[in-house]
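**Student:** Please read through the structure below; I'll follow up with questions.
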Amino acid sequence: MEKFNESSLDAFAALVAGAVVFADDSVAEFLHWNNGVKKLFASGALAIKDIKNTKECLESEDKAVFAVSSNLYGSVSKYMQKIINNSDFRSCLVVSVVTDDVQQFLGGSFKEFACKIKLWMKDELSSVLVVHIPLFAINVSENLFITTSHSKLFPVLPSDVARLQAFLYTQGIKRTFNHLGEIDASSLPHNVQAQVKMLAASLNTLFESMSINEDCYAVGHFSKVVASELANMPQARGRRKVASSRASIVFIDRTLDLVSPMSHQSESVLSTIFEILPRLSHHNNDVSIDMKGLFADGNVNPLTLFPGCLSYPDHNQHKELLSVLISQPKKECISYVCNKLKAALENENIPIPDDSSFSITTLEKMLENFKCNISLFYKYGWLLQPCMAILNTFLDEENEHLNDLLSVEKVILLDYEEDDLCHNPFQKILSLLSKKCSRFSVVDALVLSLLVYSAHKDTMISPLAEEEVLKEAIINILMDGEHKEDLLFIMGDLDSSERQVRTRVADIFERLRGISQARTQMQQLKSLFVKTSSGLEYKPIIKQILEQIFDHTKTDLNDIEFCSHGFRDFLKTGFGFFMSVSKPRPSDHSIIFLFVVGGITWDEIKCIKELLNKFCPTQKVIIGSTKIISCSDAFEQVLCTDNLFVDIDT
Numbered sequence: 017m018e019k020f021n022e023s024s025l026d027a028f029a030a031l032v033a034g035a036v037v038f039a040d041d042s043v044a045e046f047l048h049w050n051n052g053v054k055k056l057f058a059s060g061a062l063a064i065k066d067i068k069n070t071k072e073c074l075e076s077e078d079k080a081v082f083a084v085s086s087n088l089y090g091s092v093s094k095y096m097q098k099i100i101n102n103s104d105f106r107s108c109l110v111v112s113v114v115t116d117d118v119q120q121f122l123g124g125s126f127k128e129f130a131c132k133i134k135l136w137m138k139d140e141l142s143s144v145l146v147v148h149i150p151l152f153a154i155n156v157s158e159n160l161f162i163t164t165s166h167s168k169l170f171p172v173l174p175s176d177v178a179r180l181q182a183f184l185y186t187q188g189i190k191r192t193f194n195h196l197g198e199i200d201a202s203s204l205p206h207n208v209q210a211q212v213k214m215l216a217a218s219l220n221t222l223f224e225s226m227s228i229n230e231d232c233y234a235v236g237h238f239s240k241v242v243a244s245e246l247a248n249m250p251q252a253r254g255r256r257k258v259a260s261s262r263a264s265i266v267f268i269d270r271t272l273d274l275v276s277p278m279s280h281q282s283e284s285v286l287s288t289i290f291e292i293l294p295r296l297s298h299h300n301n302d303v304s305i306d307m308k309g310l311f312a313d314g315n316v317n318p319l320t321l322f323p324g325c326l327s328y329p330d331h332n333q334h335k336e337l338l339s340v341l342i343s344q345p346k347k348e349c350i351s352y353v354c355n356k357l358k359a360a361l362e363n364e365n366i367p368i369p370d371d372s373s374f375s376i377t378t379l380e381k382m383l384e385n386f387k388c389n390i391s392l393f394y395k396y397g398w399l400l401q402p403c404m405a406i407l408n409t410f411l412d413e414e415n416e417h418l419n420d421l422l423s424v425e426k427v428i429l430l431d432y433e434e435d436d437l438c439h440n441p442f443q444k445i446l447s448l449l450s451k452k453c454s455r456f457s458v459v460d461a462l463v464l465s466l467l468v469y470s471a472h473k474d475t476m477i478s479p480l481a482e483e484e485v486l487k488e489a490i491i492n493i494l495m496d497g498e499h500k501e502d503l504l505f506i507m508g509d510l511d512s513s514e515r516q517v518r519t520r521v522a523d524i525f526e527r528l529r530g531i532s533q534a535r536t537q538m539q540q541l542k543s544l545f546v547k548t549s550s551g552l553e554y555k556p557i558i559k560q561i562l563e564q565i566f567d568h569t570k571t572d573l574n575d576i577e578f579c580s581h582g583f584r585d586f587l588k589t590g591f592g593f594f595m596s597v598s599k600p601r602p603s604d605h606s607i608i609f610l611f612v613v614g615g616i617t618w619d620e621i622k623c624i625k626e627l628l629n630k631f632c633p634t635q636k637v638i639i640g641s642t643k644i645i646s647c648s649d650a651f652e653q654v655l656c657t658d659n660l661f662v663d664i665d666t
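Taking the numbering used here, the leading residue of the sequence shown gets 17, the next gets one more, and so forth.
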């Protein structure tokens with residue numbers, strides 16, 4: 017993966033000499049994690065600017081390079097046209113993360129777009145070129161990659177089936193679907209198809225660079241659409257014929273298990289950091305760290321001090337530090353960073369008290385030794401920024417609130433241990449909204465509801481009458497005029513009528529009920545909870561999938577569906593009973609990619625790494641996803657976002 021990203025960045029850097037580079041958010045995030053800014057300037061770039069917010073260029077700046085990860089003919093073209101019209105470029109080069117084939121599916125081609133730019137430049141002698149370079153992946157930690165340009169891709173929800181059917185009726189297509197499993201790619205809206213094709217094309221370029229012939233597997237209905245697209249795309253078929261190595265890629269729907277992102281019971285410090293600290297502006301996979309504590313009081317504001325972040329790609333020890341933040345609990349992480357700070361201070365001959373009992377207070381005191389020392393900040397920035405992230409996180413007032421939610425969550429899940437008691441989890445959620453528990457918001461209640469619905473098994477969900485009581489309580493709170501923050505978040509408007517609120521709340525609970533049906537068609541992966549000697553234990557679906565893949569008894573993988581990409585594969589899967597061949601398994605090859613469509617949590621990454629250490633498989637496992645997802649991200653994506661009619665042009 018690192019070689020792939022390095023190769024992509026080198027190809028990009030070779031084009032920027034003497035140019036002003038304009039990048040969109042996704043490409044900026046690619047540069048951020050791959051040390052790209054430093055490399056572009058070293059290659060002769062004059063400046064790197066945001067493609068959305070920029071003024072005209074200087075007269076002497078006659079070359080522009082636009083790096084775009086979305087549809088070239090979408091809203092980004094308006095930004096490009098404005099920049100070109102206000103400048104005097106003689107040369108324009110567009111680097112598209114989207115391939116020409118997918119761009120033609122979106123509408124238009126590279127060649128046609130080059131002609132459009134030529135018209136904007138109003139210079140017959142001008143030079144224009146549009147090329148594809150796969151600037152889409154970032155290596156957040158070892159054997160973990162995130163596809164920044166596909167962060168909007170999220171599985172279609174079970175509750176979207178009726179809406180999709182109604183939409184198809186308006187298009188003259190009278191098809192009836194009983195569940196998501198009956199929907200194929202051609203039935204999905206154009207923009208969703210485009211998203212799937214964009215991801216498949218990106219992964220195809222990755223496998224081409226690695227000379228891989230891959231088998232595609234899917235866990236979940238939407239993942240089957242993605243896997244089938246990759247398996248059957250013409251470019252992939254040609255690549256597989258000449259590939260020198262074999263691999264398996266398993267796509268997994270995020271919607272099959274929302275307990276992990278919605279739960280407040282985290283064993284990964286990085287997960288807590290991502291939940292409490294705000295995202296770095298225009299980024300999906302890094303946080304904004306308040307660094308004021310290391311600088312003098314006074315003239316410190318957003319214009320004089322940029323926020324810190326977790327990305328520090330050109331320092332080897334920083335990768336080890338991130339690995340510790342992923343895998344170790346709070347106490348061990350604080351001890352680790354304090355020891356690192358202690359070693360740094362000793363190296364600088366700065367005396368510190370001998371204190372072996374490391375704590376948040378100890379960390380705070382040790383960081384004071386670095387205050388206002390710019391030379392130390394340059395030297396130890398890779399360490400100081402994560403230390404400030406830990407300090408900011410565990411001193412934040414939000415921790416107390418998250419602990420309160422965790423207490424309620426434990427009580428709700430504890431009731432699942434005895435099926436006959438688990439008839440009304442909503443009663444406990446409803447009690448949070450009483451006057452005595454006013455510190456809990458409607459959003460908190462919905463977060464816990466989403467957790468309950470995702471954890472669903474047949475006896476876990478209350479009757480509809482109990483659900484209606486919770487719905488009415490939420491509507492009354494939103495309409496009482498005192499909970500403006502909740503109303504603004506849920507509705508986006510403080511002037512919403514009661515009818516609008518009722519419609520919105522009904523839509524939310526329709527989505528929640530859909531989530532409870534996400535695993536209905538599963539056979540082996542139907543439940544997320546198993547009974548142990550100590551009670552009922554949550555078992556992430558990604559853990560169950562890995563256990564099945566590496567099961568030495570090689571039982572049938574009923575829910576890990578193989579998506580054939582040729583007649584020979586069809587014979588293996590369809591007529592295996594009549595042939596002396598075994599059905600394909602992900603563990604058949606030396607490399608296994610696990611790709612979660614819709615986002616992966618730090619706790620799941622920790623879980624995967626622990627399982628691999630336990631199994632010690634001969635295969636190399638590489639984790640991939642569209643984004644790092646937190647509780648608030650998952651809540652917004654499931655309950656507040658239209659995943660069926662998504663806008664891909666921004």
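Ideal placement from N, C-alpha and C gives every residue a C-beta, glycine not left out.
As the structure is a prediction and not an experimental result, all values here were calculated from the model.
1. Does the separation of the CB atoms of residue 274 and residue 654 fall below 8 Å?
2. Using only alpha-carbon positions, find the residue among 288, 526, 100, 156 that is nearest to residue 419.
3. Would you call the CB atoms of residue 676 and residue 491 closer than 8 Å?
4. CB residue 641 to CB residue 154, shorter than 8 Å?
5. Just confirm the distance between the C-beta atoms of residue 41 and residue 298, as a whole number of angstroms; I'd bet it's less than 8 Å.
6. Which two residues bound the contiguous beta strand (DSSP E) that contains residue 148?
7. May I have the straight-line CA-CA distance separating residue 198 from residue 237, to the nearest angstrom?
8. How close, in whole Å, do the beta carbons of residue 664 and residue 210 come, if the pair is a contact with beta carbons under 8 Å?
9. Do you know how far the Cα of residue 31 is from the Cα of residue 52?
10. Where does residue 636 fall in DSSP's three states?
11. Is it the case that the stretch 219-227 contacts the stretch 553-568, given that we only count it when at least three CB pairs across the two stretches are under 8 Å?
12. Mind checking who residue 155 pairs with in its DSSP beta bridge?
13. Let me check understanding here. Comparing Cα to Cα, which of 636, 330, 278 lies closest to residue 620?
14. Figure out for me which residue from 253, 233, 344 has the closest Cα to the Cα of residue 612.
15. Could you check the C-alpha separation between residue 39 and residue 332 for me, to the nearest Å?
16. Counting only runs of 4+ residues fully inside the stretch 226-257, write out the alpha helix (DSSP H) ranges in chain order.
17. In whole angstroms, what separates the C-alpha of residue 465 from that of residue 27?
18. Alpha carbon to alpha carbon, how far is residue 628 from residue 639?
19. Go through the stretch 154-213 residue by residue and report every complete run of the alpha helix (DSSP H) that reaches 4 residues or more, in order.
20. Can you tell me whether residue 652 is buried or exposed? The criterion is at least 16 other CB atoms within 10 Å of its CB, across all chains shown.
21. Report the residue from 159, 348, 524 whose alpha carbon sits nearest the alpha carbon of residue 285.
22. On a CA-only basis, which of 428, 413, 203, 79 is nearest residue 137? Give me that one, please.
23. How many Å lie between residue 9 and residue 260 at the Cα?
24. Looking at the structure shown, is residue 608 part of a helix, part of a strand, or coil, going by DSSP?
25. Buried or exposed: which applies to residue 324, given that a residue is buried once 16 or more other Cβ atoms fall within 10 Å of its Cβ?
26. Can you tell me the Cα-Cα spacing of residue 340 and residue 353, whole angstroms?
27. With a CB to CB cut of under 6 Å and the five nearest residues on each side skipped, what residues in its chain are close to residue 107?
28. Between which two residues does the alpha helix (DSSP H) harbouring residue 105 extend?
29. What does DSSP give as the partner residues of residue 124 in its beta bridges?
30. Can we say the stretch 564-578 touches the stretch 600-614, given the rule of at least three CB pairs closer than 8 Å?
31. Express the C-alpha separation of residue 105 and residue 192 in angstroms, rounding to a whole number.
32. In whole angstroms, what separates the C-alpha of residue 215 from that of residue 500?
33. Name the residue from 37, 172, 127, 496 whose alpha carbon lies nearest to the alpha carbon of residue 657.
34. If I measure Cβ to Cβ from residue 396 and keep anything under 6 Å in the same chain, skipping five residues before and after, which residues do I get?
35. Once DSSP output is grouped into helix, strand and coil, what is the label at residue 83?
36. At the level of alpha carbons, what is the spacing between residue 202 and residue 208?
**Tutor:** Concretely, from the data shown:
1. yes
2. 288
3. With the chain running from 17 to 666 in the structure shown, residue 676 is simply not present.
4. no
5. 4 Å
6. 143-148
7. 8 Å
8. 6 Å
9. 13 Å
10. strand
11. no
12. 161
13. 278
14. 233
15. 27 Å
16. 237-248
17. 48 Å
18. 12 Å
19. 176-186
20. exposed
21. 348
22. 79
23. The shown model of the chain, from 17 to 666, leaves out residue 9, and the question about it has no answer.
24. strand
25. buried
26. 9 Å
27. 79, 143
28. That residue, residue 105, is in no alpha helix (DSSP H); it is neither H nor E in DSSP.
29. Residue 124 pairs with nothing; no bridge assigned.
30. yes
31. 54 Å
32. 39 Å
33. 172
34. 360
35. strand
36. 10 Å
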